[in-house]
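Below you'll find the structure, written out as structure tokens, and then a few comments.
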Amino acid sequence: MNDSDIDWQLETLRRQYVERLKNELKALLADMQPPGDAATGDRATLEALRHGLHRIAGSAGTFGFAQLGASCRSMELQVQEWLDERRSPTSDDFAALLERARACLAQLEADTLPAGAVSTSSPLAADSRRARIAILGDHQQSRSLVTTLKGLGYACHWFLMQEAAELGPWSADILLIDETGSPRSRWVKALAGLSKLPTLLLLSDEDTFQGRLDAVRHEVKGYFTPPLDMPALEQRIRHLTHLPEQEAYRVLIVDDDAQLAEHYRLVLLASGIDSQVVADPSQVLEVMHTFQPDVVLIDINMPGCSGPELARVIRLDEDWLRVPLIYLSVETDAHRQALALAQAGDDFLCKPISDEALSSAMLARAKRSRQLSAALDRDSLTGLMKHSAIKEMVEVEIARARRSGAAVCVAMLDIDHFKSINDTYGHAVGDQVIRRLANLLKQRLRRVDHVGRYGGEEFVAVLPSCTLEDAYRVIERMRQHFQELECVAGPKTFHATFSAGVASMNTRDTTEMLLDAADLAMYRAKRGGRNRVVKIERD
1 MNDSDIDWQL
11 ETLRRQYVER
21 LKNELKALLA
31 DMQPPGDAAT
41 GDRATLEALR
51 HGLHRIAGSA
61 GTFGFAQLGA
71 SCRSMELQVQ
81 EWLDERRSPT
91 SDDFAALLER
101 ARACLAQLEA
111 DTLPAGAVST
121 SSPLAADSRR
131 ARIAILGDHQ
141 QSRSLVTTLK
151 GLGYACHWFL
161 MQEAAELGPW
171 SADILLIDET
181 GSPRSRWVKA
191 LAGLSKLPTL
201 LLLSDEDTFQ
211 GRLDAVRHEV
221 KGYFTPPLDM
231 PALEQRIRHL
241 THLPEQEAYR
251 VLIVDDDAQL
261 AEHYRLVLLA
271 SGIDSQVVAD
281 PSQVLEVMHT
291 FQPDVVLIDI
301 NMPGCSGPEL
311 ARVIRLDEDW
321 LRVPLIYLSV
331 ETDAHRQALA
341 LAQAGDDFLC
351 KPISDEALSS
361 AMLARAKRSR
371 QLSAALDRDS
381 LTGLMKHSAI
391 KEMVEVEIAR
401 ARRSGAAVCV
411 AMLDIDHFKS
421 INDTYGHAVG
431 DQVIRRLANL
441 LKQRLRRVDH
451 VGRYGGEEFV
461 AVLPSCTLED
471 AYRVIERMRQ
481 HFQELECVAG
491 PKTFHATFSA
501 GVASMNTRDT
511 TEMLLDAADL
521 AMYRAKRGGR
531 NRVVKIERD
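Counting from 1, position 431 in the sequence shown corresponds to residue 431 in the UniProt record's numbering; the numbering is continuous, with no gaps.
Below, the structure written as structure tokens:
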């Protein structure tokens with residue numbers, strides 16, 4: 001969906017909301033008959049009135065009617081006070097409330113539709129291009145670094161110290177400076193003439209606190225000493241360049257106000273966030289297992305199940321302990337907010353909330369949630385899912401495929417003769433080969449695909465909405481590319497290969513059955529001579 005489509009849908013929602021708001025205010029006015037005794041039968045009248053005012057107060061500001069929303073919030077608090085004190089309002093009190101409600105309707109009918117458009121160009125959207133890394137140094141090690149980083153999928157170029165002036169036109173994201181064996185003043189002087197510097201990383205043989213302190217004062221963001229820890233360097237590069245996640249962030253919106261929830265969904269979509277709306281709290285657990293949200297945004301006041309109650313239900317499942325649960329409400333009382341947060345919530349956002357504030361809040365929390373999940377579920381060497389996490393994604397995609405009728409394929413890959421690589425070149429080089437294949441998988445697969453390190457030198461990729469033939473072609477192209485990459489082991493170079501098996505789901509498959517089928521196909525690739533991809537045709 002492009003930006004103009006989102007803007008059009010938001011504008012349509014606003015117009016629909018204005019009509020809804022007029023009807024709701026007219027209905028409230030029609031039902032506003034002065035009650036007799038709030039402690040008896042007429043308490044229900046006040047409860048209904050409070051709920052109607054609360055609904056308007058929580059949504060009006062989002063659609064551009066902040067003043068009207070504030071008036072309804074004030075009236076809601078007045079009615080809540082009557083209910084808390086279990087007393088009936090006087091005729092004068094109720095007449096004043098009725099007059100304020102009439103004024104809100106008159107204001108709404110007099111106003112033109114508020115102009116408010118969310119910006120659908122998101123500066124926070126991830127850049128899909130490869131990170132550009134410049135290496136500045138005069139040693140042969142710099143040339144080897146270029147070869148290694150290119151093999152990991154980065155755009156790289158080597159500059160000698162005397163060529164530092166040429167760095168500007170190349171527009172690097174990262175500048176890795178190799179100062180080993182030379183004074184720091186040399187590269188500091190070489191870079192002094194550049195008007196704008198990329199992010200700096202430093203490879204230095206000065207393994208001291210003072211050396212690091214001086215580097216920080218020169219705006220260095222990463223400091224490495226020999227022997228170079230290549231996985232640590234690549235991890236820092238990924239962190240600093242904010243390489244795109246394999247999937248968009250996911251937010252689950254739980255709100256019984258359909259128009260308001262749809263507005264939130266479109267606003268988040270414009271910021272690159274995938275969101276899903278659930279109006280019925282009883283459906284939330286099922287949706288969470290299929291949608292796998294990074295954040296759950298919960299309206300605090302819903303009929304039949306309050307937001308805090310729903311949060312406690314979600315927290316009964318250990319799978320969701322790490323997912324932030326964010327309450328959304330017009331409640332501004334700090335004590336009541338604290339009580340709600342004590343019941344399994346993680347944060348509180350107040351309605352009305354601007355589109356920009358909502359997007360920023362969800363992006364920040366989703367990013368933190370993804371980072372936490374990565375720390376728990378991701379393999380430290382490759383950044384891929386661990387064994388248990390990728391198995392869970394196979395289960396999720398099988399369930400999703402059964403509902404949608406779409407295909408899903410699983411590929412299992414294993415690096416050929418990996419023990420020999422370790423024995424010949426050492427475990428550090430073996431780790432580089434593993435990371436190289438992991439990076440290739442991340443770069444070549446789609447954002448909707450999932451990939452994990454299944455164990456040792458073995459990997460699993462899950463490809464939803466993908467036929468067996470398409471999955472085979474994708475993995476085969478990767479195999480051809482991987483065998484051409486040059487691996488560096490000191491002064492020596494070599495090439496590594498992998499064998500893979502691909503299987504598609506059939507109607508009877510469980511997670512184990514589909515993984516076993518892919519494993520059998522990979523076994524046949526090994527038996528067939530290695531460095532090949534085998535697919536299994538299944539009924």
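Each residue gets a CB set at the ideal place from its N, CA and C atoms; glycine is no exception.
Residue i versus residue j: straight-line alpha-carbon distance, rounded
{"i": "Val287", "j": "Val460", "result": "25 Å"}
{"i": "Glu11", "j": "Met302", "result": "26 Å"}
{"i": "Thr467", "j": "Ile326", "result": "38 Å"}
{"i": "His495", "j": "Leu197", "result": "35 Å"}
{"i": "Ile135", "j": "Tyr223", "result": "14 Å"}
{"i": "Asp516", "j": "Gly501", "result": "10 Å"}
{"i": "Leu440", "j": "Arg402", "result": "29 Å"}
{"i": "Phe498", "j": "Leu413", "result": "7 Å"}
{"i": "Tyr264", "j": "Leu358", "result": "8 Å"}
{"i": "His481", "j": "Gln16", "result": "53 Å"}
{"i": "Ala103", "j": "Pro352", "result": "20 Å"}
{"i": "Thr507", "j": "Glu262", "result": "34 Å"}
{"i": "Ser404", "j": "Leu463", "result": "15 Å"}
{"i": "Glu395", "j": "Gln80", "result": "47 Å"}
{"i": "Asp274", "j": "Ala248", "result": "6 Å"}
{"i": "Ala117", "j": "Lys367", "result": "Any reading at Ala117 must be qualified, since the residue scores a pLDDT of 39, below 50, and its modelled position is unreliable; no value is offered."}
Endpoints, the beta strand (DSSP E) within which residue i is located
{"i": "Met412", "result": "Val408 to Ile415"}
{"i": "Ser329", "result": "Leu325 to Ser329"}
{"i": "Gln276", "result": "Asp274 to Val278"}
{"i": "Lys492", "result": "Lys492 to Phe494"}
{"i": "Arg508", "result": "Neither: Arg508 is in no beta strand (DSSP E) and is coded neither H nor E."}
{"i": "Arg250", "result": "Arg250 to Val254"}
Check whether residue i and residue j have beta carbons under 8 Å apart
{"i": "Leu324", "j": "Ser369", "result": "In the sequence on display, residue 324 carries Pro and not Leu. Taking 8 Å as the Cβ cut-off, Pro324 and Ser369 qualify as a contacting pair."}
{"i": "Leu321", "j": "Ile298", "result": "no"}
{"i": "Ile314", "j": "Gly307", "result": "no"}
{"i": "Leu316", "j": "Val254", "result": "no"}
{"i": "Leu145", "j": "Thr180", "result": "no"}
{"i": "Glu19", "j": "His54", "result": "no"}
{"i": "Ile536", "j": "Ala525", "result": "no"}
{"i": "Arg400", "j": "Thr510", "result": "no"}
{"i": "Val220", "j": "Leu240", "result": "no"}
{"i": "Leu167", "j": "Leu194", "result": "yes"}
{"i": "Arg132", "j": "Ala165", "result": "no"}
{"i": "Met161", "j": "Val251", "result": "no"}
{"i": "Ala407", "j": "Ser465", "result": "yes"}
{"i": "Leu108", "j": "Lys22", "result": "yes"}
{"i": "Asp257", "j": "Ser59", "result": "yes"}
{"i": "Gln9", "j": "Leu266", "result": "yes"}
{"i": "Trp187", "j": "Ile177", "result": "yes"}
Bounding residues of the alpha helix (DSSP H) (the contiguous stretch that carries residue i)
{"i": "Pro231", "result": "Met230 to Thr241"}
{"i": "residue 541", "result": "What is shown of the chain runs 1 to 539, which leaves residue 541 out entirely."}
{"i": "Gly529", "result": "It is not in any alpha helix (DSSP H) - Gly529 carries neither H nor E in the DSSP assignment."}
{"i": "Arg73", "result": "Ala66 to Asp84"}
{"i": "Leu339", "result": "Ala334 to Ala342"}
Coarse secondary structure for residue i, derived from DSSP in three states
{"i": "Phe348", "result": "strand"}
{"i": "Tyr425", "result": "helix"}
{"i": "Gly41", "result": "For Gly41, the predicted model reports a pLDDT of 40, less than 50, meaning its position is unreliable and no value from the coordinates is stated."}
{"i": "Cys487", "result": "strand"}
{"i": "His289", "result": "helix"}
{"i": "Glu458", "result": "strand"}
{"i": "Arg538", "result": "coil"}
{"i": "Lys221", "result": "strand"}
{"i": "Ile353", "result": "coil"}
{"i": "Met302", "result": "coil"}
{"i": "Phe209", "result": "helix"}
{"i": "Thr199", "result": "strand"}
{"i": "Phe498", "result": "strand"}
{"i": "Arg453", "result": "strand"}
{"i": "Arg403", "result": "helix"}
{"i": "Val448", "result": "coil"}
The ligand GDP heavy atom lying under 7 Å from the CB of residue i
{"i": "Glu206", "result": "No copy of the ligand GDP occurs in the structure displayed, which carries no ligand at all."}
| field | Length at least 3, wholly inside the region 121–192: the beta strand (DSSP E) runs in chain order | value | 132–136, 155–159 and 174–178
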